[in-house]
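Student: Residue numbers for the sequence shown follow our numbering, beginning at 2 and rising by one.
Here a beta-carbon is modelled for each residue, glycine too, at the ideal position from N, C-alpha and C.
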Amino acid sequence: MDPLGHALVDGSTPNGNVQWIFDPGVFIDDDGQAYLYFGGGGPGNARVIKLNDDMISTSGSAVSIDVPNFFEALYMHKHNGTYYLSYSSNPDAGMKIEYMTSNNPMTGFTYRGAILPNPWENNNNNNHASIIEYQNQSYIFYHNRAVANERGASTYQRSVNVDLLNYNSDGSIQQVSAGRAGAPQIKRVNAFNQNQAEMFDEENGIETETSTDGTLNIMMGNGDWIKVAGVDFGSGAQALKVRAASEYGSGLEVVLDKLTNTPVATVQIDNTGGWQTWKTQSANLNSTVSGVHDVYLRSTGWHNLNWYQFSGDGGSAGSSTLAVELESLSGQSSFSPLSVKSDSSASNGGYVEWTNDGSHQILNSPSDTTSGQVSIAFTLSQAANVSLQMQASLANGNDDSFYYKVDSGDWITQNNTATSGWGTLSLESFNNLSAGDHVLRILRREDGAKLDNVTLNASAGTIALTNNGDGSGGDNGTGGDNGSGGSSGGDNGSGGTAGVTSDIDITNDWGSGYCAALTVTNTTDSAVTWSVQLTLDGTVDNLWNGVWSQSGLVLTVSGQDWNSVLQPGQSHSSIGFCVTRNSDGGDNGGGDNGGGDNGGDNGGDNGGGDNGGGDNGGDNGGGDNGSDYEVPANNFAVNGGVESDLSNWGATAGTVTRSTADSHSGSASVLISDRTSGWNGITFNVGTLTDGNQYDVAVWVKLAPGSADATMLLTAKRQDDSDSSTYNEYEHIATATASAGHWTLLQGFYTQSGTPFEHFIVESEDDTVSFYADDFSVGGEVDDSLPMVQASNPAIWADVPDPSVIRVGNTYYMSSTTMHMNPGVPIMKSTDLINWKMVSYAYQTLGSSAAMNLENGQEAYGDGSWASSLQYVDGTYYVSTFSYTTGKTYIFKTNDIENGPWSTSIINGAYHDSSLFFDNGRVFLVYGVDDIRIIELNADASGIKAGGLNQVLIQDASSVAGSSFIVSAEGSHIQKINGWYYVSLICWPSGSMRTQLIFRSRNLTGAYEGRIALQNQGVAQGGLIDTPSGDWYAFLFRDSGAVGRIPYLVPVTWQNDWPVMGVNGTVPQYLDFDVEDGDMSGIVNSDEFNQSALGLAWQWNHNPDASGWSTSTRAGYLRLTNKRVDSNLLNTRNTLTQRGFGPTSTGIVAIETGNMNDGDYAGLGALQKNYGFVGIKKSGSSRSIVMVNAASGSMQEVASIGLNQDRVYFRIDMDFQDQKDQATFYYSLDGANWQAIGNTLKMSYTIPHFMGYRFALFNYATRSTGGYVDFDYFKVGE
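Next comes the structure, spelled out in structure tokens:
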């Protein structure tokens, strides 16, 4: 809470009105005088002002400091009597940390240069730094995106780096070279102490929470890990004990130095009966561990971990002495009002004290429950006397004092003792303590005592820490066999660029597959363009920040444009990939696991056999895997069924014959034999494919009799290009595990691009297996198959608001708004302004915060990113957007709008409804409400240009449409046409409708004249677009009830250089040109979940939790796993959505529910604030189909029907015709016969969500985590 209730410094502070009043930095000089440094936004915006002794008021005027290249982040420190002012330089200067010096903290500064170049990993984001001195060494702390880059995280997920900082003899600072090595660790972690799990150097996937067992614990899912650097095992440890809790039973692996190394121990964690029901459990190490190691603790299940402790004959766990730093106990619930303070003279740089103000005295009646105490639990190996020594600083005057006691004994008062600085106090001994557990308590008494550490000495045997909490847990189950999990990772291989080494670090392992980070290092003395070859244990599903190809098990990786060159000694650690293991990957951690065959043989018939019922992963039924697949109606594959001959079929190598021994349908199939390598496969030819079109490609495969299960691949082959590599001529489409007992579907989507298409290939990673192929189909080509119809409005009958449309040659591109959905800022493509399809997104997430993650009761509904602006200049595409959630404006750039990658620049401040504009080599944003403003950007649009244009462009823009408004003028679109500057705006006059305004001027900065351009049906907000033939249109949108805000194409004619919109002032339903009779398949799509990546039609509600969803854990299914407990659909994560659309739309899912937990809900929803859904509710051991209606503002369960099978089907029909805005809900037990359930949802467009209704696939827990459901498909139709 702000103790002032108002700003300490603002624009009214004398000389304090800088562009950005932020980044406060406080410096207290040796004489006690405090100074506040603040400001940002460019040179001329740096200030310092004195603070009064109360630290909440200022003295005098702020003083301007002339800071060269200034951007933000002022920081003052003092060294050897000299004042050092460091700061972040502006983008034009490279965003380095630069500095100045003076003999005065406010004036007389001399520029000295750069301390720290901006690390390349920051991706053109600026840096912040601070400098401290500790134990006679200076350190610089700054942030770095290296970890976030490796994990594909958002721009604002930055980690803290620390490096040594050294001075030259003249007082100048030696430039720091940023790197992953960082400053040396100044203190080792004692393996034999009880180390809290929340203390670590690096982590993957874990979360922290308050523990009932004292301090914090970490929550660990399968594959999550922590890394603790520099753990000292002394001369040897042989065992480990951990304090853990689990509802399922789990395991914890101990790995030394590198995640890919073999674990040295695995602790089996029992089912303790609850996530906060604690139990101490132990395991022996495979061999004695000595010396110093980095320690990884990796989960093989689901549990909470509080602490861990190694033991053995080489450590202090076998010692008669136990030393405890009291500040390490600050997490105990009874600690407050004690506080932790820093002092380099204290034994570990810190101590505890209570304030010396007379308000915290406990002069009598101490008790075990009094606040302001710490407890130390210790264990004696045998009966002994225990003496105590306290390192403390007690002031003269004999009034600093404290109490202490052991177990249930009397409190002892330590009083009338003074030290000169830090001194050692010998406290009373406790004699004849029995073997076993004991507790030492230390309690505040009078104010002011400073306590550093306490040492306990046992007269016999050994003394060691035990658990500091009260719960003992108990043995509540064994948990079962956790299995072996198979191989993790693969060999680094010898191929690739000479002198370049590669290292694989598995970041998440789920048994049947894993994700890994790849680090490549140039060990030579010269720069190289690198590539590496890796031998893996499975098939790569996707790889980011690199270019890759795979042949058999050999993966070849090279860099993209930005990371393809390695300087001498340089490493790149931003590359990552995910792998599906081959079928011989082991038992995959399934085992008995507390009861039942929960997993089966990973890599058996699950994915290659049937998926009907029975054990998950065995031979589950009697139909083919993929039997729900529907061949596209416009399938144009000729002779895909091999009914007459082998026309269009062939082979890359091996022998291909037409076989009547087996077939998927009809009388024959293709058989390939005599294979000698994985690339030997069957080819299928379909002729020419059109660039930019997406195709649905499928084929059925089956192994020859007697063959062991094998991985099958479907690949597209393009014609050879001019370079010597092959990676860009092959594109992987689908992977599946096939068997000799069933026909298996290989199906995926392929978009033609690059060199002309040659043929499709069906192959196997098994070098010699023979196999059949049948019923090859290819659909989706639209050029010759759709009839032509008259174009009509709406252009898109779905929620696509805030359109920004450009034309590049004969192709139109559009950006739009999806606010709290991710990925965000969708990019769509069209050749006729009516039929649009998704091609990309500008970003995956804007960042990570409680609101963006739906955490701590916070949400970002209706926020996220708002109106965007799309531009194309000199081969580069630019998209701007802004967010009130983050308070930032974003500029995204790419040379390939359909495939990326996108780079990001971030501007402080949310520039409302900003329009990005390039003019005569300069770049601007036009933005605002009513008073429309313009501000100039740097030439590369990466930030605000210092000293650039910044003024009101159009004052009181709304006034051309009236004097009273529901919405004042906003939604800027600025364009230059035939020498005129046009600004399009929208306003909403009171008593009228949404209205389109147009302003024009011969000069960029005005003056502008304006008028109403269109006032009909509420169609407004957007810009002007021309066609290659010279016709003009306005691309605008209309609020249309529950479906959302839908685009309209409005004809434009020109009169006296004014655009005249509409036909006689109205928006026509029909337009005077023809288009293909397309559907909504470019915007919404059915999905069989056969690909590892989700299609572009899908968006997550808020930021997803990557650990809670998968399309690869079970091939051909979307698995949603509950990672936390929530109360309803609106506050749960990992809800996957697609737009509802008009005039009517239907969404259908097939869902398998056998692994739900008590209290779980899963199903299909109609998502908005007033939502409804049909789904499954699990209550105890029973499941029921329920319909929920939340139109009243709260969740109402309208209907419930018992369910006695795992697989069930749900359907929602949405009717937006004439704004009827109704949704009806259905269920089916067989996918064919449908029954209505519940009542009709009256859908309503609400401002808090600010979005049209969406189909939503969801699963959430209300009681416990870990339950999951598998969605087999989502089908959408009119």
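Could you compute how far the alpha carbon of Leu-257 sits from the alpha carbon of Gly-350?
Tutor: Position 256 of the sequence shown, counting from 1, holds the residue named residue 257. Position 349 of the sequence shown, counting from 1, holds the residue named residue 350. Distance between the alpha carbons of Leu-257 and Gly-350 is about 28 angstroms.
Student: Cα separation between Ser-1265 and Gly-910?
Tutor: Translated into the one-based positions of the sequence shown, residue 1265 becomes position 1264. Translated into the one-based positions of the sequence shown, residue 910 becomes position 909. Their backbone Cα atoms lie some 41 angstroms apart in a straight line.
Student: Whose C-alpha, out of Ile-363, Ile-955, Glu-937 and Ser-915, is nearest the C-alpha of Asp-931?
Tutor: Here residue 931 corresponds to residue number 930 of the sequence shown, with the count starting at 1. The candidate whose alpha carbon is nearest that of Asp-931 is Ile-955.
Student: What is the DSSP secondary structure of Glu-429, counted as helix, strand or coil?
Tutor: Indexing the sequence shown from 1 puts residue 429 at position 428. Of the three classes helix, strand and coil, the one that applies to Glu-429 here is coil, per DSSP.
Student: Report the residue ranges of all beta strand (DSSP E) runs contained in full by the stretch 1190-1258; include only those spanning at least 3 residues, in chain order.
Tutor: Listed in chain order, the complete beta strand (DSSP E) runs (minimum 3 residues) inside the stretch 1190-1258 are 1197-1204, 1208-1216 and 1223-1229.
Student: At the level of alpha carbons, what is the spacing between Ala-147 and Phe-201?
Tutor: Within the sequence shown, the letter at position 146 stands for residue 147. Within the sequence shown, the letter at position 200 stands for residue 201. Using only the alpha carbons, I get a separation of about 18 angstroms.
Student: Are the CB atoms of Asn-686 and Thr-653 nearer to each other than 7 angstroms?
Tutor: The residue labelled residue 686 in the question sits at position 685 within the sequence shown. The residue labelled residue 653 in the question sits at position 652 within the sequence shown. No, these two residues do not count as a Cβ contact at 7 angstroms.
Student: Please list the terminal residues of the continuous beta strand (DSSP E) segment that includes Tyr-168.
Tutor: Residue numbering aside, residue 168 sits at position 167 when the sequence shown is read from its first letter. Element bounds for Tyr-168: n/a, residue is neither H nor E.
Student: Asn-483 to Asp-692, Cα distance in whole Å?
Tutor: Here residue 483 is taken as the residue at index 482 of the sequence shown, counted from 1. Here residue 692 is taken as the residue at index 691 of the sequence shown, counted from 1. Confidence at Asn-483 is low in this model, with a pLDDT of 28, below 50, so its placement is unreliable and the value that follows should be read with caution. Cα to Cα, Asn-483 sits roughly 49 angstroms from Asp-692.
Student: Could one say the Cβ of His-974 lies closer than 7 angstroms to chain D's Cβ atoms, at least one of them?
Tutor: Note that chain D does not occur in the displayed structure, where there is just one protein chain.
Student: When you compare the stretch 1078-1096 with the stretch 1265-1276, are there three or more beta-carbon pairs, one atom per stretch, that lie closer than 8 angstroms?
Tutor: The stretch 1078-1096 is in contact with the stretch 1265-1276.
Student: Please work out which residues of its chain come closer than 7 angstroms, Cβ to Cβ, to Val-1187, disregarding the five sequence neighbours upstream and downstream, and give them in chain order.
Tutor: Numbered from 1 along the sequence shown, position 1186 holds the residue referred to as residue 1187. Cβ within range, chain order: Gly-1176, Lys-1178, Glu-1198, Ala-1200 and Ser-1201.
Student: Met-101 lies in the beta strand (DSSP E); which residues open and close that run?
Tutor: In the sequence shown, the residue the question calls residue 101 occupies position 100. Residues 98-103.
Student: Please report how far the alpha carbon of Thr-1308 lies from the alpha carbon of Ala-528, in whole angstroms.
Tutor: In this structure the chain extends from 2 to 1279, so residue 1308 is not present and cannot be described.
Student: Between which residues of its own chain and Tyr-912 is the CB-CB distance below 6 angstroms, once the five residues before and five after are set aside?
Tutor: Translated into the one-based positions of the sequence shown, residue 912 becomes position 911. The answer, listed in chain order, is Phe-883, Thr-890, Leu-926 and Tyr-928.
Student: Contact check, Tyr-813 vs Trp-903 under 8 angstroms by CB: the rounded distance?
Tutor: Translated into positions along the sequence shown, residue 813 becomes position 812. Translated into positions along the sequence shown, residue 903 becomes position 902. Going by Cβ atoms, the distance from Tyr-813 to Trp-903 rounds to 19 angstroms, so no, they are not a contact pair.
Student: Beta-carbon within less than 7 angstroms of Gln-1139's beta-carbon, same chain only, minus the 5 sequence neighbours each way: which residues are those?
Tutor: To locate residue 1139, count along the sequence shown from 1; it is residue 1138. Closer than 7 angstroms at the Cβ level, and outside the excluded window around Gln-1139, lie Val-1085, Ala-1098, Trp-1099, Arg-1255, Phe-1256 and Val-1277.
Student: For Lys-718, which of Thr-752, Pro-706, Ser-708 and Ala-705 has the nearest alpha-carbon?
Tutor: As a working note, residue 718 is residue 717 in the sequence shown. Considering only alpha carbons, the answer is Thr-752.
Student: By the 10 Å Cβ neighbour count, where 16 or more other Cβ atoms means buried, how is Gly-667 classified, buried or exposed?
Tutor: The residue you call residue 667 lines up with position 666 of the sequence shown. Flag for Gly-667 reads exposed.
Student: From what residue to what residue does the beta strand (DSSP E) around Glu-354 run?
Tutor: What you label residue 354 is simply residue 353 of the sequence shown in a count that begins at 1. That run of the beta strand (DSSP E) goes 351-354.
Student: DSSP has Val-698 in a bridge; who is on the other side?
Tutor: In the sequence shown, counting from the first residue as 1, residue 698 sits at position 697. In DSSP, Val-698 forms a bridge with Gly-749 and Val-779.
Student: Measuring straight from C-alpha to C-alpha, what distance separates Thr-996 and Thr-1145?
Tutor: Taking the sequence shown and counting its residues from 1, one reaches residue 996 at position 995. Taking the sequence shown and counting its residues from 1, one reaches residue 1145 at position 1144. One C-alpha to the other measures close to 28 angstroms.
Student: What are the partner residues of Phe-72, as DSSP defines its beta bridges?
Tutor: The sequence position of residue 72 within the sequence shown is 71, counting from 1. Phe-72 is not bridged to any residue.
Student: Using the Cβ count rule (16 or more neighbours within 10 Å means buried), how would you classify Tyr-1210?
Tutor: The sequence position of residue 1210 within the sequence shown is 1209, counting from 1. Counting Cβ neighbours within 10 Å, Tyr-1210 comes out buried, since at least 16 surround it.
Student: May I ask which residues mark the beginning and end of the beta strand (DSSP E) holding Phe-28?
Tutor: Here residue 28 refers to the residue found at position 27 when the sequence shown is read from its first residue. Residues 26-29.
Student: Which of helix, strand or coil does DSSP assign to Val-1330?
Tutor: Residue 1330 cannot be examined here, being either before or after the span of the chain that is shown, 2 to 1279.
Student: Keeping to the same chain, check which residues put their C-beta closer than 7 angstroms to that of Val-255; ignore five residues upstream and five downstream.
Tutor: Looking up residue 255 in the sequence shown gives position 254. For Val-255, where only same-chain residues beyond five positions count, the Cβ hits under 7 angstroms are Leu-241, Pro-264, Val-265, Ala-266, Val-296 and Leu-298.
Student: Going by DSSP in three states, Asn-1132 sits in which element: helix, strand or coil?
Tutor: Taking the first residue of the sequence shown as position 1, residue 1132 is located at position 1131. Residue state, collapsed to three classes: helix.
Student: Would you call Thr-656 buried or exposed, if buried means 16 or more other Cβ atoms sit within 10 Å of its Cβ?
Tutor: Taking the sequence shown and counting its residues from 1, one reaches residue 656 at position 655. Flag for Thr-656 reads exposed.
Student: Tell me, please, whether the stretch 773-780 touches the stretch 795-813 by the rule of three or more beta-carbon pairs shorter than 8 angstroms.
Tutor: Because the criterion of three Cβ pairs below 8 angstroms is not met, the stretch 773-780 and the stretch 795-813 do not touch.
Student: Evaluate the contact criterion for the stretch 242-249 versus the stretch 278-290: three or more CB pairs, one atom per stretch, below 8 angstroms.
Tutor: Because the criterion of three Cβ pairs below 8 angstroms is met, the stretch 242-249 and the stretch 278-290 touch.
Student: Using a 10 Å radius around the Cβ and a threshold of 16 neighbouring Cβ atoms, would you call Trp-867 buried or exposed?
Tutor: What you label residue 867 is simply residue 866 of the sequence shown in a count that begins at 1. Buried, since its Cβ has 16 or more Cβ neighbours within 10 Å.
Student: Apart from the five residues just before and just after Gly-472, which ones in its own chain have a Cβ nearer than 8 angstroms to its Cβ?
Tutor: By one-based count along the sequence shown, residue 472 stands at place 471. Note on Gly-472: pLDDT 29, under 50, position unreliable in the model; no value is reported.
Student: Alpha carbon to alpha carbon, what distance is there between Gly-237 and Ala-318?
Tutor: Sequence index remark: in the sequence shown, residue 318 carries index 317 (1-based). Sequence index remark: in the sequence shown, residue 237 carries index 236 (1-based). Bear in mind that the predicted position of Ala-318 carries a pLDDT of just 42, short of 50, making it unreliable; the figure below should be weighed with that in mind. Each residue's Cα considered, the two are about 11 angstroms apart.
Student: Starting from Met-1188, follow its DSSP beta bridges and name the residues at the other end.
Tutor: As a first step, residue 1188 is located in the sequence shown; it is residue number 1187 there, counting from the start. Its beta-bridge partners are Val-1175 and Ala-1200.
Student: Suppose you measure from the CA of Asp-710 to the CA of Ala-741; what does that come to, to the nearest Å?
Tutor: Position 709 of the sequence shown holds residue 710. Position 740 of the sequence shown holds residue 741. Distance between the alpha carbons of Asp-710 and Ala-741: 7 angstroms.
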